[in-house]
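J.:
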Ligand SMILES: [Zn+2]
């Protein structure tokens with residue numbers, strides 16, 4: 001664990017990024033974005049993260065790349081199976097927290113065309129923290 005890494009803290013079950021767990025194994029962790037301070041958050045926004053502290057996609061070992069790619073694929077399929085999505089986007093950015101994390105998020109059917117792809121979560125249906133946790137548990141069956 002790297003000192004003061006928010007994602008390592010999250011994997012240890014604490015810290016400001018703590019979020020509902022979807023699935024995890026020895027090398028990858030999948031969580032659903034949690035509720036914000038209002039108690040609500042957008043539905044259909046997952047993070048695929050390496051359990052090991054590695055800063056970027058190109059710094060990963062080949063076996064990590066394979067499991068992360070497979071897991072992101074499973075995450076997209078899970079969202080499409082459970083939600084009325086128009087599209088499932090994925091992005092690797094990593095400008096704020098230097099621990100590999102891949103965003104996988106839904107754009108719901110009916111999202112106005114003028115809403116940019118990156119802003120899709122801003123207009124996604126919102127759910128309470130407990131509803132998000134329940135949904136995260138439901139998604140776990142799509143990962144093996
Ligand atoms: Zn870390």
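In this note's numbering, the protein residues as written are 1 to 144. From the three backbone atoms N, C-alpha and C, an ideal C-beta is built for every residue, glycine too. On a predicted model such as this, the values are computed, not experimentally measured, just so you know.
Can you name the residues that DSSP bridges to residue 21?
T.: 31
J.: May I ask you to check if the CB of residue 99 is nearer than 7 Å to at least one heavy atom of ligand 1?
T.: yes
J.: Under 8 Å Cβ to Cβ from residue 85, same chain only, skipping five residues before and after it: list those, please.
T.: 44, 79, 106, 107, 108 and 109
J.: Which of helix, strand or coil does DSSP assign to residue 106?
T.: strand
J.: Okay, do the stretch 33-47 and the stretch 125-135 touch, 3+ Cβ pairs below 8 Å being the bar?
T.: The stretch 33-47 vs the stretch 125-135: in contact.
J.: Might you give, ordered along the chain, the residues of its own chain that have their beta carbon closer than 6 Å to the beta carbon of residue 74, omitting 5 neighbours on each side?
T.: 142 and 143
J.: Please name the residue in 35, 26 and 16 whose C-alpha comes closest to that of residue 71.
T.: 26
J.: Compute the distance between the beta-carbons of residue 136 and residue 22, then report whether it is under 8 Å.
T.: yes
J.: Is it buried or exposed for residue 113, if we count other Cβ within 10 angstroms and need 16 for buried?
T.: exposed
J.: Are the Cβ atoms of residue 55 and residue 101 separated by less than 8 Å?
T.: no
J.: Could you pull the DSSP bridge partners for residue 85 from this structure?
T.: DSSP, once it has assigned bridges, lists 108 as partnering residue 85.
J.: Can you tell which of 18, 116, 93 and 10 has the C-alpha that lies nearest to the C-alpha of residue 129?
T.: Ranked by Cα distance from residue 129, the options 18, 116, 93 and 10 are led by 18.
J.: Just to confirm before moving on: does the CB-CB distance between residue 93 and residue 48 stay below 8 Å?
T.: no
J.: Would you say residue 92 touches ligand 1, meaning its beta carbon is less than 7 Å from a heavy atom?
T.: no
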